[in-house]
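**Student:**
Protein chains: 4
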Amino acid sequence: MSKKALSDIQSGPDFRRIDIDKVGVKGVSYPIIVLDKKNKFQHTVASINMYVDLPHQFKGTHMSRFVEILNEHRREITVHNFPIILEKMKKRFNASTAHLEVEFPYFIEKAAPVSKAKGLMEYRCAYRGTLHTERDFVVDVRVPVLTVCPCSKEISDRGAHNQRGLVTVSMRLAGFVWIEDIIKTVEASASSPVYSLLKRVDEKHVTERSFDNPMFVEDVVREVAMNLGRMKKIKWFSVEAENWESIHNHSAYAFVERGRG
Amino acid sequence: MSKKALSDIQSGPDFRRIDIDKVGVKGVSYPIIVLDKKNKFQHTVASINMYVDLPHQFKGTHMSRFVEILNEHRREITVHNFPIILEKMKKRFNASTAHLEVEFPYFIEKAAPVSKAKGLMEYRCAYRGTLHTERDFVVDVRVPVLTVCPCSKEISDRGAHNQRGLVTVSMRLAGFVWIEDIIKTVEASASSPVYSLLKRVDEKHVTERSFDNPMFVEDVVREVAMNLGRMKKIKWFSVEAENWESIHNHSAYAFVERGRG
Amino acid sequence: MSKKALSDIQSGPDFRRIDIDKVGVKGVSYPIIVLDKKNKFQHTVASINMYVDLPHQFKGTHMSRFVEILNEHRREITVHNFPIILEKMKKRFNASTAHLEVEFPYFIEKAAPVSKAKGLMEYRCAYRGTLHTERDFVVDVRVPVLTVCPCSKEISDRGAHNQRGLVTVSMRLAGFVWIEDIIKTVEASASSPVYSLLKRVDEKHVTERSFDNPMFVEDVVREVAMNLGRMKKIKWFSVEAENWESIHNHSAYAFVERGRG
Amino acid sequence: MSKKALSDIQSGPDFRRIDIDKVGVKGVSYPIIVLDKKNKFQHTVASINMYVDLPHQFKGTHMSRFVEILNEHRREITVHNFPIILEKMKKRFNASTAHLEVEFPYFIEKAAPVSKAKGLMEYRCAYRGTLHTERDFVVDVRVPVLTVCPCSKEISDRGAHNQRGLVTVSMRLAGFVWIEDIIKTVEASASSPVYSLLKRVDEKHVTERSFDNPMFVEDVVREVAMNLGRMKKIKWFSVEAENWESIHNHSAYAFVERGRG
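Protein chains in written order, with numbering that gives the first Met the number 0: chain A, 0 to 260; chain G, 0 to 260; chain E, 0 to 260; chain Y, 0 to 260.
1) Please report the distance separating the alpha-carbon of H204 of chain G from that of T129 of chain E.
2) Counting only beta-carbon separations shorter than 8 Å, does Y29 of chain G have a partner in chain E?
3) Nearest by alpha-carbon distance to E133 of chain E: which of E:N212, E:P104, E:K89 is it?
4) Measure the CB-CB distance between G23 of chain Y and V51 of chain Y and report whether it falls below 8 Å.
5) Does the beta carbon of D18 of chain A come closer than 8 Å to any beta carbon on chain Y?
6) For a test of the three-state rule: what should DSSP assign to H98 of chain A, helix, strand or coil?
7) Tell me K117 of chain A's beta-bridge partners as DSSP assigns them.
8) Thinking C-beta only, is A159 of chain Y closer than 8 Å to P213 of chain Y?
9) Is any beta-carbon of chain G found at less than 8 Å from that of K109 of chain A?
10) Since L145 of chain A and S245 of chain G are thought to touch, with beta carbons under 8 Å apart, how far apart are those beta carbons, to the nearest angstrom?
11) Does the segment 210–224 of chain E come close enough to the segment 177–195 of chain E to have 3 or more Cβ pairs within less than 8 Å?
12) Are the C-beta of L99 of chain A and some C-beta of chain G separated by less than 8 Å?
13) Start and end of the alpha helix (DSSP H) containing T43 of chain Y?
14) For P54 of chain E and chain B, any beta-carbon pair shorter than 8 Å?
15) Any residues in the segment 203–220 of chain A with a beta carbon nearer than 8 Å to a beta carbon of chain G? Which ones, in chain order?
16) Residues of chain A with a CB under 7 Å from the CB of I76 of chain G: which are they?
17) I'd like to know whether the C-beta of I181 of chain E is nearer than 8 Å to at least one C-beta of chain Y.
18) Taking any Cβ of chain G, which residues in the segment 144–174 of chain A have a Cβ under 9 Å from it, in chain order?
19) Is the Cβ-Cβ distance between G258 of chain Y and L196 of chain Y less than 8 Å?
20) Pick out whichever of E:T77, E:N161, E:K234, E:S95 has its Cα sitting closest to the Cα of W243 of chain E.
21) Between which two residues does the alpha helix (DSSP H) containing V200 of chain E stretch?
22) Mind checking if A224 of chain Y is an interface residue toward chain G, Cβ cutoff 8 Å exclusive?
23) Examine the Cβ distances between the segment 51–62 of chain E and the segment 108–124 of chain E and report whether three or more of them are shorter than 8 Å.
24) List the residues of chain Y that T60 of chain G touches, going by C-beta distances under 7 Å, in chain order.
25) Looking only at its own chain, which residues have a Cβ that is under 7 Å from the Cβ of I68 of chain G, when we skip the five neighbours before and after it?
26) Check whether chain E comes within 8 Å of Y252 of chain Y, counting only Cβ atoms and requiring the distance to be less than that.
27) Look at V101 of chain A and A125 of chain A and say whether their C-beta atoms are less than 8 Å apart.
28) If we cut at 8 Å on Cβ distances, does M120 of chain E have a partner in chain Y?
29) So with CB distances below 7 Å, who are the chain Y contacts of H249 of chain G?
30) Distance, Cα to Cα, F81 of chain G vs S151 of chain Y?
31) Can you list, in chain order, the residues of its chain with a C-beta nearer than 8 Å to that of V66 of chain Y? Leave out the 5 residues immediately preceding and following it.
32) Less than 7 Å between C-beta atoms, sequence neighbours within five positions excluded: which residues of the same chain meet that for R64 of chain Y?
33) So which residues of chain E does S195 of chain Y contact, with C-beta pairs closer than 9 Å?
34) Can you check DSSP and say which residues form a bridge with R163 of chain A?
35) Relative to the C-alpha of V255 of chain E, which residue among A:H55, A:A116, A:D139 is closest?
This is the structure:
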């Protein structure tokens, strides 16, 4: 070996007296398995961030340990073993706080409303957890929807502008909640759900149903907020809706937050 | 100075006998001035790529020279001095081929259709040129539009799904053509233009006009192709339309290419 | 005109009793002029978000008013007129809270360290303000830097892995601070600044200087935090550093927050 | 049902006499299974584009059929059934040309060079095929690598700037080639491979090995080109290298194309 022993720089002292809130790895791409209401589990690909705090007296963090912890759990990252991974991070790094963020596309087979033809819809989700003395755990679910503009419908002699929108729900839970149920709630709170496969009879149905059910971004966030507000297992939530306006080159946006974070 | 003279590694020999087609800098962010039909010129910010070929006997390229050439022209990058920059690249690098690509947002003040309220619309454009023994020059113009689905309108008792789409035109020219004129042509080839500012009377107008003028992506590329085909100064073009379908979570897409590249 | 008077749906009542925290326009692309320490002002292109709150009794917001307000100020968006725009938003929408977010690339001419050859560096910045009964104003500055890994240098007989990183500073201020001064502070807190144009003598200088000054992401955020902590006009700041690790396919990340938000 | 029979607008006539080169769906997100040299197959998530040509006499395409075809094959999209899917597209749409593009992250377990600690590396790949009277099939493989600058090393008394780069290989094949073998070839053609997990002994190894093996983007594309050129099963290839320069805020880029497309 070389003249230099493989000295452990990171464990050396630091004298600037500045505690670091978060330090770790960001954007680790990783294939994972998550729980699935219908098929028990599904394979997907996640982008993962892992951070711990670092007290002022230490110079650095041993970054490779994050990936090692990930490797020990790679067959499954779920709401169930999430706290275990955080606990392990805290212990392995001798940290007082650990953060884990896992973003992934989640797929659900959805039948078209009339023909019942089946297609796979993608919903981008995330688990974001922190373990200090207490635990914090947030679930994000992103649901594309269709919105028809009530103003456009009202003032026009025919037609109404409509567009795809994206609703993002973030939640803190008091019990287990299926992603599938949140998605259903959000899709019921827009002018219409969005589908990956629609036959002609379905397209007619979606067009008419959404036209009969016009909603502003304001309406969408209020409907979602009302519906989530009734779910006992949700302690806190935020909901944002972004409409890729079909008549503009920018988005319409609304945001509501409720409960105790 | 150090023991090492600042030896010119790049100018050294290479023995692998492999000519390099393109080598240079990519993604240089740069504020530029471009020609403007109404205001003579406008300030914008470009992302720039500059490449030359490298014969097999040379090891490397002097990358800093690309940025130096850019600096000599930073007050203006237009269709007029574009060939001059390419010529300079060819000469400075002693290359047989030079490539220059400049992408930038271009802004046009557009009046709403009824209220005439004015707003600024952004259109992403690009100049892409190559100088070998002959010159090649391509202009790209991206135009957001509104499309109403003819099928949805026809089969539904009320309403019709519609969405924002993006039309990308690429052209090789036989004379000077204003970006403004291409944009006008594309906007006239969709169900309706898109606006940054619409008052209620305008929204009514756009809704009804687009409903009366339903178009598939197929119709959009055909209309644009017909209209560009009539412009004598355009030798070659391609046109693609991408609709961010409001009823799906994916896009509908169509592409047509005409003329001699 | 049609059978329908252009009724004002948005001003109608809503009975769901849900106040909306933020509603408005997102992603408006807009050419703006900002203050520049050296040249007084500079032209750039911004992406703008504008939101207000909406009390529960009203159905919707008049989105076009946001763009109208923007149009009234388009020649200049600076730290000086920012509160004026927020005030106008609050008044025009009869809102209790207004939010304005403006992101833009900012360019500074920077001389290479030895040759003094000049190049333009891009720094992505943002102003983010909220006006309720009190005002909140945050400035973001993103500074690309070079970091050499201290561990790699220490344990290796030769060389040390290094990479580009991005440092993002967010600040709440107690007085006027030039973006240029923040950038200088950050660049002095890394292994080396990054340049758009370097001649061979400069490359030698940057290589040796950064090698003599190895820094982890942890070191970078601590150095920046120490230096910003000394600036009296900064009441609160956060600083994050992300290294696009040259030996990995993911980033190393660190984050520190200080002061009263 | 409504007054309107569900008339088939798309099958109606068109009189503009413009054939459409490509029409279809773009950006369909889909979980797929691909072949894996070590584990036989692996689960991943793809982004899929599907197009056919449309003769001038027809008004439109039945977009839902693309997703139906996809659904029939969703358990597996490989080099083996790719031509079958294209054939099906051609037949189902009665088209003369069909295009299928499938992009996906591909994961390989890679041992660190000294400790042999295992980590999962992500490589973004794509299959892009066209079926007309003849078949065309292109495989893309993107490999992140580490490059040390030869010029910086030569002129500096100590150290050398280095950075992560991305090498993209596109190939037309005369036989079956494993993605794993292309990746190995590319990784051997840079200053060093990149890893997801490195212990201290590995970091020392990677640092020294890459320092001993400095390469420009020019060198990388030449090495890859030489090595691919020797593989009999590759009829045509292009290789591009992009270095996210650690001393600049832009990339260095090189491109080589060889063989008959």
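Note that CB positions come from ideal geometry on N, CA and C, so glycine has one too. In this text, all values refer to a predicted model and were calculated from it rather than measured experimentally.
**Tutor:** If we stick to the structure as given:
1) The residue labelled residue 204 of chain G in the question sits at position 205 within the second sequence. The residue labelled residue 129 of chain E in the question sits at position 130 within the third sequence. For H204 of chain G and T129 of chain E, the distance between alpha carbons rounds to 35 Å.
2) Residue 29 of chain G sits at position 30 when you count from the first residue of the second sequence. The beta-carbon of Y29 of chain G is placed less than 8 Å from the nearest beta-carbon of chain E.
3) Along the third sequence, one-based indexing puts residue 133 of chain E at 134. It is E:K89 whose Cα lies nearest to the Cα of E133 of chain E.
4) Mapped onto the fourth sequence, residue 23 of chain Y falls at position 24. Mapped onto the fourth sequence, residue 51 of chain Y falls at position 52. Result yes, Cβ atoms of G23 of chain Y and V51 of chain Y sit closer than 8 Å.
5) For the purposes of this step, residue 18 of chain A is taken as the residue at position 19 of the first sequence. No, D18 of chain A does not count as interfacial toward chain Y.
6) Taking the first residue of the first sequence as position 1, residue 98 of chain A is located at position 99. Three-state DSSP puts H98 of chain A in a strand.
7) On the first sequence, residue 117 of chain A is found 118 positions in, with the first residue counted as 1. Under DSSP, K117 of chain A takes part in a beta bridge, and its partners are A:A110.
8) For the purposes of this step, residue 213 of chain Y is identified with residue 214 of the fourth sequence, where counting begins at 1. For the purposes of this step, residue 159 of chain Y is identified with residue 160 of the fourth sequence, where counting begins at 1. With respect to the 8 Å criterion, P213 of chain Y and A159 of chain Y are classified as neighbours on the basis of their beta carbons.
9) For the purposes of this step, residue 109 of chain A is taken as residue 110 along the first sequence, with counting starting at 1. Taking Cβ atoms only, chain G never reaches closer than 8 Å to K109 of chain A, which makes this a no.
10) Position 146 of the first sequence, counting from 1, holds the residue named residue 145 of chain A. Position 246 of the second sequence, counting from 1, holds the residue named residue 245 of chain G. Yes, L145 of chain A and S245 of chain G are in contact; Cβ-Cβ is about 5 Å, under 8 Å.
11) The segment 210–224 of chain E is in contact with the segment 177–195 of chain E.
12) Position 100 of the first sequence, counted from the first residue, corresponds to residue 99 of chain A. It does not; no Cβ of chain G falls within 8 Å.
13) In the fourth sequence, the residue the question calls residue 43 of chain Y occupies position 44. For T43 of chain Y, there is no enclosing alpha helix (DSSP H); the enclosing beta strand (DSSP E) covers residues 39–53.
14) Of the protein chains in the structure, A, G, E and Y, none is chain B.
15) So the close ones are K203, V205, T206, E207, S209, F210, D211.
16) Locating residue 76 of chain G in the second sequence gives position 77, where the first residue counts as 1. Correct list: empty, because the minimum Cβ distance to chain A is about 24 Å.
17) The residue you call residue 181 of chain E lines up with position 182 of the third sequence. No, no contact with chain Y.
18) Residues passing the 9 Å Cβ filter: L145, T146, V147, C148, C150, S151, K152, I154, S155, D156, R157, G158, A159, H160, N161, Q162, R163, G164.
19) Within the fourth sequence, numbered from 1, the residue matching residue 258 of chain Y stands at position 259. Within the fourth sequence, numbered from 1, the residue matching residue 196 of chain Y stands at position 197. Against a cut-off of 8 Å, the Cβ pair of L196 of chain Y and G258 of chain Y comes out as no contact.
20) Along the third sequence, read from residue 1 onward, the residue named residue 243 of chain E stands at position 244. Considering only alpha carbons, the answer is E:N161.
21) What you label residue 200 of chain E is simply residue 201 of the third sequence in a count that begins at 1. For V200 of chain E, the enclosing alpha helix (DSSP H) starts and ends at 199–210.
22) The residue given as residue 224 of chain Y occupies position 225 in the fourth sequence. Closer than 8 Å: yes.
23) Judged by Cβ distances under 8 Å, the segment 51–62 of chain E makes no contact with the segment 108–124 of chain E, as fewer than three pairs qualify.
24) As a working note, residue 60 of chain G is residue 61 in the second sequence. By Cβ distance, chain Y contributes E217.
25) Counted from its first residue, the second sequence places residue 68 of chain G at position 69. Closer than 7 Å at the Cβ level, and outside the excluded window around I68 of chain G, lie I84, K87, M88, R91.
26) Residue mapping note: residue 252 of chain Y aligns to position 253 of the fourth sequence, counting from 1. Contact with chain E is absent for Y252 of chain Y, since none of that chain's Cβ atoms lies less than 8 Å from the residue's Cβ.
27) Along the first sequence, one-based indexing puts residue 101 of chain A at 102. Along the first sequence, one-based indexing puts residue 125 of chain A at 126. Cβ atoms of V101 of chain A and A125 of chain A: closer than 8 Å.
28) To locate residue 120 of chain E, count along the third sequence from 1; it is residue 121. Judged by the 8 Å Cβ criterion, M120 of chain E is in contact with chain Y.
29) Working through the second sequence from its first residue, we reach residue 249 of chain G at position 250. Result: V24, K25, G26, V27.
30) Walking along the second sequence from the start, residue 81 of chain G turns up at place 82. Walking along the fourth sequence from the start, residue 151 of chain Y turns up at place 152. If I take the Cα positions, the gap works out to 32 Å.
31) Taking the fourth sequence and counting its residues from 1, one reaches residue 66 of chain Y at position 67. V24, V27, listed in sequence order.
32) For the purposes of this step, residue 64 of chain Y is taken as the residue at position 65 of the fourth sequence. These residues qualify, in order along the chain: R91, F92.
33) Your numbering for residue 195 of chain Y matches position 196 in the fourth sequence. Per Cβ cutoff of 9 Å: H247, N248, H249.
34) In the first sequence, residue 163 of chain A corresponds to position 164, counting from 1. As a beta-bridge residue in DSSP terms, R163 of chain A pairs with A:L145.
35) What you label residue 255 of chain E is simply residue 256 of the third sequence in a count that begins at 1. Checking every option, the nearest Cα to that of V255 of chain E belongs to A:H55.
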